[in-house]
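J.: Shown below is the structure under consideration.
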Amino acid sequence: MKKAWIIILAIVLLLAVVLISQYNGLVSSSEAVSKETANLDSQYQRRMDLIPNLVTTVKEFMGHETEIIEQISSARAAMAGAGTLGEMSEADEQLTSALNALVVSVENYPDLKSNETFTNLMDELAGTENRITTARRDYNEVVNSYNLKIKRFPTNLLAGMFGFEQAEYFEAQQGAENSVEVDFG
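Per my numbering, residue 8 is the first one in the sequence shown, and the count goes up by one each step.
Right, dumping it as structure tokens:
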């Protein structure tokens, strides 16, 4: 009889260790998603910080091209006010579109193209865009790993009991694969 209790106790302890390990894995994965979200937010903030300087520089040379400047300012405000990942994705698409329109229109302003401040800001912006792309990819990889973990047995049982929910992927808006068309009139 004593041997049976030892076996039962060993099974219960083994089960407890497995459950604790699975729970800790869920917590670690959830924190990894939070970390990558913060990294993505940080890169977006970096871009947001560059835009006022870019707009100021552009206004000096393209003061009468107010539509593009307003698009950039409006898209920046939408990005700042985005609360969910979906809203952020949509605002990001608007901002990217406005910045692409700016790049196209700069071709008509050789003095602006040769301005050192402008070229430095555009180089910084290009680097930031690359970091954003990398941060999005890293975020989606971590989300994929986390979502797979909470769907697999037996972790899915713990995920349900402790309220772990699927994380949202960062997805490009429909039509993002198309190039921006700008009509100058």
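For glycine and all other residues, C-beta sits at the position ideal for the given N, C-alpha and C.
Any idea if V113 is buried or exposed, counting beta-carbon neighbours within 10 angstroms, 16 or more meaning buried?
T.: Per the 10 Å Cβ criterion, buried.
J.: Among S37, I58, L21, G88, which one has its Cα closest to the Cα of A133?
T.: I58
J.: On the CB-based measure, 16 or more other CB atoms within 10 Å of its CB, does Q52 come out buried or exposed?
T.: exposed
J.: Could you tell me which of R143, F171, R54 sits nearest to E131, measuring between CA atoms?
T.: R54
J.: Excluding the 5 residues flanking G90 on each side, which residues of the same chain have their C-beta closer than 6 Å to its C-beta?
T.: Once the five neighbours on either side are set aside, G90 has no close Cβ partner at all.
J.: Could you tell me the alpha carbon to alpha carbon distance between G192 and Q101, rounded to whole angstroms?
T.: Bear in mind that a pLDDT of 34 at G192, under 50, signals an unreliable position, so the model cannot answer this.
J.: Buried or exposed: T141, going by 16 or more other Cβ atoms within 10 Å of its Cβ?
T.: Only exposed fits T141, as fewer than 16 other CB atoms lie within 10 angstroms of its CB.
J.: Return helix, strand or coil for M86, following the three-state DSSP convention.
T.: helix
J.: Over what stretch of residues does the alpha helix (DSSP H) that includes R39 continue unbroken?
T.: Here residue 39 turns out to be Ala, not Arg, going by the sequence shown. Here the alpha helix (DSSP H) through A39 covers 9-69.
J.: Beta-carbon within less than 7 Å of R143's beta-carbon, same chain only, minus the 5 sequence neighbours each way: which residues are those?
T.: Excluding residues within five positions, the ones whose Cβ falls inside 7 Å are L47, F177.
J.: Please state whether DSSP places E131 in a helix, a strand or coil.
T.: E131 falls in the helix class under three-state DSSP.
J.: Between the alpha carbons of A39 and L164, how many angstroms are there, rounded?
T.: 20 Å
J.: In angstroms, rounded to a whole number, what distance separates the CA positions of V149 and S37?
T.: 9 Å
J.: Which same chain residues, not among the five before or five after Y153, have their C-beta less than 6 Å away from its C-beta?
T.: S36, V40, A174
J.: Can you tell me whether E43 is buried or exposed, with buried defined as 16 or more other CB within 10 angstroms of its CB?
T.: buried
J.: If I'm right that Q50 touches I139 with Cβ under 8 Å, what's the distance once you round it to whole angstroms?
T.: Correct: roughly 5 Å between the Cβ atoms.
J.: Three or more C-beta pairs closer than 8 Å, one from the region 103-118 and one from the region 73-88: is that the case here?
T.: yes
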